[in-house]
Amino acid sequence: MPRKVSQRKKKSSTSENEMGASNNSEGTLTEISCEAVGNLLRRANKGGTSKKKMMPEFQPEHNGTQVLEPILQPNTLEAGHCSRNPMGNVSLDKGCLDSKEELDDSDWEDGIVPKDDHPMTIELNVTPDSAVRKQSHRASAKDKDLAELVHKVHLLCLLARGRLVDSACDDPLIQASMLSLLPAHLIQLQNVTKLTSKALHPLVSWFHDNFHVRSTNAEKPVCFALASALESREGSPEEIAALSVALYRALNLTARFVSILDAASLKPDQSCRPDASGSSKGIFNTSTPMVAKLKLDFKSPKQSLSSYDIDKVCESSLGRSRKSKKCSTTSHMAQSGDPPISEDLKSSITKSQTSETQDNDPESCLADKSHKSKRKGDVEYEMQLQMALSATTVGCLESKTESGANADKENFSCPSKRVKRVVSADTSTSSQLISTAVGSMKVGSPLYWAEVYCNEENLTGKWVHIDAVNLIIDGEDKVESMVAACKTSLRYVVAFGGHGAKDVTRRYCMKWYKIASQRVSSTWWDSVLAPLRDLESGANSGVAQFRPNQSISTESNTGHSFVPTRSSLEDIELETRALTEPLPTNQQAYKSHPLYAIEKWLTKYQVLRPKGPILGFCSGHPVYPRTCVQTVKTKERWLREGLQVKADEHPVKEIKRSIKPQKVQDSGADDYECSDSMENSKLYGMWQLEPLNLPHAVNGIVPKNERGQVDVWSEKCLPPGTVHLRFPRAFSVAKRLEIDYAPAMVGFEFKNGRSHPVYDGIVVCAEFKDVLVEAYAEEDEKRRAEEKRRDEAQALSRWYQLLSSIVTRQRLNNCYNNNLSSEMSTDIQGKNENESNAAVCADNDNNQSPKHHPVNKSGTDLDTSFDTPVKDHVHVFLKEYETFDEVTSLLTKRCQCGFSVQVEEL
DNA sequence: ATGCGGAACATTACTTTGCCATAT
DNA sequence: TATATGGCTTTGTAATGTTCCGCA
5 MPRKVSQRKK KSSTSENEMG ASNNSEGTLT EISCEAVGNL LRRANKGGTS
55 KKKMMPEFQP EHNGTQVLEP ILQPNTLEAG HCSRNPMGNV SLDKGCLDSK
105 EELDDSDWED GIVPKDDHPM TIELNVTPDS AVRKQSHRAS AKDKDLAELV
155 HKVHLLCLLA RGRLVDSACD DPLIQASMLS LLPAHLIQLQ NVTKLTSKAL
205 HPLVSWFHDN FHVRSTNAEK PVCFALASAL ESREGSPEEI AALSVALYRA
255 LNLTARFVSI LDAASLKPDQ SCRPDASGSS KGIFNTSTPM VAKLKLDFKS
305 PKQSLSSYDI DKVCESSLGR SRKSKKCSTT SHMAQSGDPP ISEDLKSSIT
355 KSQTSETQDN DPESCLADKS HKSKRKGDVE YEMQLQMALS ATTVGCLESK
405 TESGANADKE NFSCPSKRVK RVVSADTSTS SQLISTAVGS MKVGSPLYWA
455 EVYCNEENLT GKWVHIDAVN LIIDGEDKVE SMVAACKTSL RYVVAFGGHG
505 AKDVTRRYCM KWYKIASQRV SSTWWDSVLA PLRDLESGAN SGVAQFRPNQ
555 SISTESNTGH SFVPTRSSLE DIELETRALT EPLPTNQQAY KSHPLYAIEK
605 WLTKYQVLRP KGPILGFCSG HPVYPRTCVQ TVKTKERWLR EGLQVKADEH
655 PVKEIKRSIK PQKVQDSGAD DYECSDSMEN SKLYGMWQLE PLNLPHAVNG
705 IVPKNERGQV DVWSEKCLPP GTVHLRFPRA FSVAKRLEID YAPAMVGFEF
755 KNGRSHPVYD GIVVCAEFKD VLVEAYAEED EKRRAEEKRR DEAQALSRWY
805 QLLSSIVTRQ RLNNCYNNNL SSEMSTDIQG KNENESNAAV CADNDNNQSP
855 KHHPVNKSGT DLDTSFDTPV KDHVHVFLKE YETFDEVTSL LTKRCQCGFS
905 VQVEEL
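Residue numbering for the first sequence follows the numbering used here, beginning at 5 and increasing consecutively.
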């Protein structure tokens with residue numbers, strides 16, 4: 005946000021140059037000035053005039069000056085002046101000051117009177133950041149949509165990634181290798197029938213001691229990466245967690261791979277706040293940068309490690325820790341004799357550092373921000389220092405390592421101490437936090453872990469959280485604080501198993517109300533997860549059963565609906581957590597909390613009933629269960645749902661109804677009357693209602709309301725014994741058949757500033773339905789036939805008009821311009837000839853054809869001869885009346901009416 | 001550093017049943 | 001003279017949601 009400010013400041017400083025250079029900048033300049041003036045005035049009028057009032061004054065003017073030439077506009081208001089002033093085009097006219105009398109004169113004059121060349125600096129320097137910021141950073145609906153889309157797509161990608169990892173954990177080779185590494189006494193675990201989390205401790209401990217998180221070998225597909233990690237006993241957090249899952253599965257335990265899906269923020273502006281959460285910096289900042297990784301996979305290291313890729317990796321949501329890891333890789337690579345790459349990397353890293361703050365908003369780099377970026381720079385500096393140190397260390401240790409390509413292996417012998425040191429350096433900004441939060445465990449945010457199903461926990465069995473990397477068993481309650489300490493958000497925790505997935509966020513998130521708004525709409529998420537859930541529950545019910553005779557059936561509940569499955573038991577557990585969430589400590593959380601409510605945050609149409617029990621207090625406000633919140637509505641609103649208020653029920657709440665501004669034209673007296681007669685809306689609750697009890701239709705008469713119609717909000721609103729016929733002209737049929745009907749009003753629409761009822765069809769008694777439908781069909785048929793007839797008649801008449809005009813034209817041609825006889829062409833009959841050029845003329849001799857047709861006798865008046873008689877006549881050209889002129893090759897066809905056509909044979 | 005609450009906007013929900021001049 | 005038709009200015013208001021900012 006302060007970026008914009010600085011941008012504006014920059015612009016202001018160069019404004020004079022820009023002025024001369026181009027007009028384009030003037031809009032911006034004007035804008036700046038407007039804002040500056042607005043802010044000045046706002047400050048001046050603080051408390052008096054509200055901002056709302058001020059802004060519209062500037063807006064239109066500002067628009068105008070953008071289009072027009074602001075300098076030359078004589079009638080601009082104060083905003084225009086302000087923008088001009090700094091440009092040196094001073095000439096303040098009195099009119100300007102006059103025009104803004106309504107504003108605070110003295111303040112205004114103070115602001116603009118100076119005629120020197122530099123008032124601008126003053127103006128822009130006093131521009132309060134807040135106003136500019138507010139304007140520029142309020143996300144538009146488009147931004148929101150985009151952010152949501154990105155969030156969704158990112159989630160899908162992360163889900164897919166999780167499934168990939170899950171599949172890799174099933175790899176028999178990996179599992180077998182894990183088993184082969186396992187000491188004999190731990191292998192016994194697969195024979196344990198009553199598994200408790202405690203029993204897992206030695207196993208997890210062994211794993212923790214033997215596998216460490218370190219640099220990534222992400223260039224390979226998951227399975228290979230796993231194999232490699234297995235070989236080196238080191239890998240990314242994801243790989244190590246996956247290996248642990250593979251180990252559990254190898255031991256025939258039921259295990260899931262669990263991952264925090266740290267997707268790009270759902271809210272558009274989150275990415276602008278580097279410190280809001282360490283992880284939200286855009287989509288590439290995922291903990292599982294699949295794209296970048298895959299990209300790398302297909303290229304030689306030299307080509308693939310472009311700065312772009314590295315940027316992505318370095319910005320990954322593991323954030324600093326991951327960054328450092330990558331960097332340590334870098335150093336190793338440098339060690340292994342590939343200086344160009346390391347150079348690339350270094351430069352790219354620095355690039356990423358510097359660009360990180362600027363890329364989002366290229367125009368900016370600001371004073372306010374500076375200390376933050378400085379801090380960041382410090383972090384990076386420390387990181388690089390650590391890198392260098394570790395590289396040296398590795399270099400010493402490393403004389404024994406062989407291939408540069410296998411950089412991952414280089415640190416095999418490296419003590420985990422070193423790793424931890426690097427990691428702690430990464431997170432140095434929050435290292436205190438971490439150390440307070442999780443004691444001496446200096447780790448990055450846990451993003452991956454395992455869940456093992458322990459059938460002896462909790463009577464019914466339980467999925468136990470096992471973070472082998474951090475040696476935490478059954479620490480589901482610790483995850484939230486650890487994640488919080490690392491500034492990662494815990495919005496989606498998904499357990500992967502059986503190629504499916506299940507959202508288990510509830511198990512790890514104690515403060516759901518804090519993350520609820522950061523999650524995508526549950527309907528979408530549920531629908532996405534539904535098929536994956538089925539896969540997961542199907543697999544984890546059937547696979548790896550501990551004992552066939554276990555009291556809790558692990559089979560899917562196909563036969564008996566009440567046999568609890570492992571999955572359904574887990575559902576119950578998660579549901580229970582959802583229902584036993586602790587009370588939020590801040591009031592705002594109660595606004596839309598699904599479980600709790602405080603009266604203060606109820607909406608206009610909500611009441612508490614019953615008003616109790618009180619579950620607790622928040623800042624002195626009693627907290628009630630959300631189930632006590634009832635929605636209340638007016639009678640009319642309930643009517644729409646087919647409900648009516650019972651007799652003798654009093655409104656449970658009354659709210660002021662807004663005054664209708666319809667008859668405000670009159671004087672104050674009327675106004676007074678108006679407000680006097682203003683009624684309150686009476687609201688009723690669900691418990692005061694009964695099903696709508698409309699009068700029955702009797703004797704074919706439809707019961708109507710006071711307006712002689714039926715309000716058909718829904719089917720429920722139809723009086724019993726009536727039907728709604730949605731035919732366009734049904735009423736006319738009913739009228740004709742003398743059937744009683746009522747117009748069906750289905751809603752309102754706003755037109756011309758008023759609400760108008762919208763009608764759709766009619767309501768009639770049910771017994772007339774068939775008759776009406778039949779009659780309507782008949783009528784419709786008739787109507788169509790009539791329409792067709794009309795269309796045909798119209799077509800005929802138009803043809804007639806066309807031909808008449810042709811004839812008239814031809815006749816005129818004949819009379820006044822004989823040379824143009826073949827100008828017009830027509831094909832009237834078109835069945836005998838393929839002629840292309842036909843000369844038409846009116847032949848009024850009637851020599852051959854005439855048979856007491858009135859036309860023929862009408863003599864020489866050509867106009868009249870054609871006008872009347874030929875109407876409604878279709879010319880018939882009989883063969884016997886044809887004549888053919890050999891010389892001119894003209895075929896003359898004649899109708900009995902005397903009309904003739906000459907056709908030229910080609 | 002964090003959360004709270006107010007301010008400033010943005011968005012949504014609620015409202016809810018013509019009139020007059022002109023042509024036919 | 002009675003009836004049909006078309007055009008007119010176009011919601012306005014309040015509640016609710018979201019974001020920012022100052023303050024404790």
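Note that CB positions come from ideal geometry on N, CA and C, so glycine has one too.
Residue from R641, P655, R537, L451 whose Cα sits closest to the Cα of C490: L451
Runs of beta strand (DSSP E) lying entirely within the region 508–542, each at least 3 residues, in chain order: none
Ranges of the alpha helix (DSSP H) found wholly within the region 696–755, counting only runs of at least 4: 734–741
The beta strand (DSSP E) enclosing I618, as first and last residue numbers: Where I618 is concerned, there is no enclosing beta strand (DSSP E), given that its DSSP letter is neither H nor E.
Cα-Cα separation, Q179 to I244: 13 Å
Three-state secondary structure (DSSP) of A499: strand
One or two residues paired with P761 in a DSSP bridge: F752
Element boundaries [alpha helix (DSSP H), containing W920]: With the chain running from 5 to 910 in the structure shown, residue 920 is simply not present.
Per DSSP, the bridge partner or partners of E455: R260, H469
Range of the contiguous beta strand (DSSP E) that encloses D889: 887–889
E585 beta carbon less than 7 Å from that of L599: yes
Limits of the beta strand (DSSP E) - the one that H625 falls within: 625–629
6 Å Cβ shell around E106 - same chain, five flanking residues per side excluded: Annotation note: pLDDT 36 at E106 (below 50); position unreliable, no value reported.
Residues near C513 in its chain [Cβ-Cβ closer than 8 Å; skip 5 each side]: E484, L494, V497, I519
DSSP state of N214 mapped onto helix, strand, coil: helix
Alpha-carbon to alpha-carbon, P699 and A746: 14 Å
Span separating the alpha-carbon of K660 from that of T726: 37 Å
Segment contact, 8 Å Cβ cut-off, at least three pairs: the region 234–250 with the region 196–204: no
Spatial distance of E837 from N817 (CA atoms): Note that E837 scores a pLDDT of 41, beneath 50, so its modelled location is shaky and nothing firm can be said.
Pair within 7 Å by beta-carbon distance, Q592 and C622: no
Proximity below 7 Å, CB of A797 to CB of V737: no
6 Å CB neighbourhood of N410 in its chain, flanking five on each side removed: Unreliable positioning characterises N410 in this predicted model, as indicated by a pLDDT of 36, which lies under 50. A coordinate reading is not provided.
H158 versus W691: straight-line alpha-carbon distance, rounded: 45 Å
Per DSSP, cross-strand counterpart(s) of A601: Y628
Where L163 falls: helix, strand or coil (DSSP): helix
Cβ neighbour criterion (16 or more within 10 Å) applied to G99: In this prediction, G99 has a pLDDT of 35, which is less than 50 and means its spatial position is unreliable; what the coordinates show is noted afterwards. By the 10 Å Cβ count, G99 comes out exposed.
The region 718–733 in contact with the region 762–777 per 3-pair CB rule at 8 Å: yes
Contacts around L536, its chain only, beta-carbon distance under 6 Å, and the 5 residues preceding and following it disregarded: G504, A505
Y594 (DSSP reduced to helix, strand or coil): helix
Residues sharing a beta bridge with T635, DSSP: Q610
Straight-line gap, C819 to D795 (C-alpha atoms, nearest Å): 36 Å
Nonlocal neighbours in the same chain, by C-beta distance under 7 Å from K650, ignoring five residues either side: Q692, L693, E694
Extent of the continuous beta strand (DSSP E) run through Q648: 647–649
Where S904 sits in the DSSP three-state scheme: strand
Three-state secondary structure (DSSP) of V157: helix
Beta-bridge partners of T569, as assigned by DSSP: According to DSSP, T569 bridges with nothing at all.
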